[in-house]
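Student:
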Amino acid sequence: MAHTSLYRKYRPATFDDVVGQQHIERTLRNAVAEGTVAHAYLFTGPRGTGKTTTARLLAKALLCERGPSGEPDGTCEQCKEIAEGIHPDVFELDAASRTGVDNVREEIIGRVQFAPTRGRYKVYIIDEVHMLSAAAFNALLKTLEEPPPHVVFVL
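Take the sequence shown: its letter number 55 is residue 61 in our numbering, and every next letter is one higher.
The structure is reproduced here in structure tokens:
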């Protein structure tokens, strides 16, 4: 029997599963359902409060094959690939370990102008964004302020 960490086993799979963040869940769900998704979101809070998980749920809601309904079904191919971390239109950058300007240029700025491969959006999840060097954040700033219409950043 394969070992599964508790945080993976009990990680929220839908917005309804998110605990203690009802206002955030409702805001994101409504934005997706109404087609008023912002080009960037900044999630803040203590470690372990579900920031990255919520970012992945937003990516699922945006790219779900069932359509942008505000709630990902979790069973379509797009949702499964996002959950496994292998979706071609969802990019996760761990800014804590990849803090340099070259990382930002290579992994974000160099790719952002291309259209999504399979979905309606490309979603860039930049985890621990506060750890980026000043030069890396300055390199990201123009792209963050004026992204292409098919790009959503979650910081």
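For each residue, glycine too, the CB sits at the ideal point set by N, CA and C. Fair warning: this is a prediction, and the values are worked out from it, not measured in the lab.
(1) Quick check: what's the CA-CA separation for D108 versus A101?
(2) Compare the C-alpha of V127 against each of G91, Y13 and V43 and name the closest.
(3) Using the beta-carbon count (16 or more within 10 Å), is A141 buried or exposed?
(4) Taking all protein chains shown into account, do 16 or more other C-beta atoms lie within 10 angstroms of the C-beta of Q28, making it buried, or fewer, making it exposed?
(5) Taking the alpha-carbon of K36 as reference, which of G76, P153 and A67 has the nearest alpha-carbon?
(6) Please classify T60 as buried or exposed, where buried requires at least 16 neighbouring CB atoms within 10 angstroms.
(7) Could you pull the DSSP bridge partners for F159 from this structure?
(8) Ordered along the chain, which non-local residues of its own chain (more than five positions away) have a Cβ less than 6 Å from that of L99?
(9) Might you give, ordered along the chain, the residues of its own chain that have their beta carbon closer than 7 Å to the beta carbon of A19, omitting 5 neighbours on each side?
(10) Which residues in the same chain as L150 place their Cβ atom closer than 7 Å to its Cβ, once the five residues preceding and following it in sequence are excluded?
(11) Which residue from K66, T105 and E31 puts its Cα closest to that of E87?
Tutor: In brief:
(1) For this step, residue 108 is matched to residue 102 along the sequence shown. For this step, residue 101 is matched to residue 95 along the sequence shown. Going by the C-alpha atoms only, they are around 12 Å apart.
(2) Taking the sequence shown and counting its residues from 1, one reaches residue 127 at position 121. For the sequence presented, residue 127 should be read as Tyr rather than Val. If we check each option's Cα against that of Y127, V43 comes out closest.
(3) Taking the sequence shown and counting its residues from 1, the one referred to as residue 141 is at position 135. Exposed is the call here.
(4) Counted from its first residue, the sequence shown places residue 28 at position 22. The residue in question, Q28, is exposed, as its Cβ has fewer than 16 Cβ neighbours within 10 Å.
(5) Indexing the sequence shown from 1 puts residue 36 at position 30. Position check: residue 36 holds Asn in this sequence, whereas Lys was assumed. Distance check between N36 and each of G76, P153 and A67 places G76 closest, using alpha-carbon atoms only.
(6) Counted from its first residue, the sequence shown places residue 60 at position 54. Burial of T60 is indicated by the presence of at least 16 other C-beta atoms within 10 angstroms of its C-beta.
(7) Numbered from its first residue, the sequence shown carries residue 159 at position 153. The partner list for F159 (beta bridge, DSSP) reads A46 and Y130.
(8) The residue labelled residue 99 in the question sits at position 93 within the sequence shown. So the qualifying residues of the chain are E113 and I132.
(9) Position 13 of the sequence shown holds residue 19. These residues qualify, in order along the chain: G80.
(10) Counting from 1 along the sequence shown, the entry for residue 150 is found at position 144. Excluding sequence neighbours, L150 sits near A46 and F159.
(11) Looking up residue 87 in the sequence shown gives position 81. Residue K66 is the option with its Cα nearest to E87.
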